[in-house]
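S.K.: Numbering follows full-length UniProt numbering, with no gaps: position 55 of the sequence shown is 55.
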Amino acid sequence: MSSEERPTIPGRPGSRTPDFEEPTTPAAKVTRRISRRMDDQNPKRIDTHSGYSFSDERAIIRRRQLTEAVDFWNISVAGAWLHYVSLGGELTEYELDAYLHKAYFLAPYQHDILAEAVNELIDMLPPPPRAPLTDEPGL
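1. Enumerate in chain order the residues of its own chain whose CB-to-CB distance from D97 is below 6 Å, with the five nearest sequence positions on each side excluded.
2. Any idea what DSSP makes of G79, helix, strand or coil?
3. Go ahead and label Y84 buried or exposed: buried means 16 or more other beta carbons lie within 10 angstroms of its beta carbon, across all protein chains shown.
4. Flag this pair as yes or no: are the beta carbons of A80 and V70 separated by less than 8 Å?
5. Distance, Cα to Cα, L114 vs P128?
6. Let me know if L91 comes out buried or exposed under the rule of 16 or more other beta-carbons within 10 Å of its beta-carbon.
7. Note the first and the last residue of the continuous alpha helix (DSSP H) segment covering N119.
8. Please check the pair L66 and V118, which I expect to be a contact at CB under 8 Å, by giving their CB distance rounded to whole angstroms.
9. What three-state label does DSSP hand E95 in the structure shown?
10. So what does DSSP say about F105, is it helix, strand or coil?
11. If you drop the 5 nearest sequence neighbours on each side, which residues of the same chain put their C-beta closer than 6 Å to that of I122?
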C-alpha cells in the first residue's frame with residue numbers, strides 16, 4: 001500500500017488513522033491527563049501502556065471480573081479488605097480500593113488472596129429469594 005492510499009490524520013501528513021476516535025470533550029481530556037499522571041506515579045499500572053503482554057491482559061480481565069463480582073453482590077471495600085487481610089493480604093484498604101478502580105496493579109498471589117476473600121464473602125451471603133411454583137410442597 002503506497003503512502004497515498006494509507007489513511008491519514010488531518011493535519012499530520014503520513015500519519016496513520018487510529019482504529020478508534022478518542023473523545024474530545026473537556027471531561028475526556030481531563031481523564032486522559034489524570035490517567036497519564038497516575039501512570040507516571042505508579043509504574044505498576046498497566047491499563048494504558050501500549051506494550052503489555054498476554055499475562056498482563058489476563059490480569060486486567062481477572063481484575064474486571066473480580067470488580068464485577070464485588071459490585072454485583074454489593075460487597076463493601078472495607079468488608080472485602082478486612083476479610084482479605086485476615087487471609088494474609090498485604091494491601092491497605094486504600095490500595096485495595098485503587099486496585100478495584102483500575103488505579104493500582106497487584107501481584108498475582110495478592111489478587112488470588114483478594115479473590116478468595118471475595119468468594120468467601122459471597123458464600124456467606126444468603127441465597128437470593130426464588131419464586132415458588134404452585135405445586136411446591138408446603139404451600
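Beta carbons: idealized from backbone N, C-alpha and C, even for Gly.
M.R.: Checking against the coordinates, here is how it stands:
1. Here the set comprises V77.
2. Collapsing the DSSP output to three states places G79 in a helix.
3. By the neighbour-count rule (16 or more Cβ atoms within 10 Å), Y84 is buried.
4. Yes, the Cβ-Cβ distance between A80 and V70 is below 8 Å.
5. As the crow flies, the alpha-carbon of L114 is around 23 Å from that of P128.
6. Here L91 is buried: its Cβ has 16 or more other Cβ atoms, across all protein chains shown, within 10 Å.
7. Unbroken alpha helix (DSSP H) run through N119: P108 to M124.
8. At roughly 6 Å, the Cβ-Cβ gap stays under 8 Å, so L66 and V118 are in contact.
9. If DSSP states are grouped into helix, strand and coil, E95 belongs with the helices.
10. Correct three-state label for F105: coil.
11. The answer, listed in chain order, is W73.
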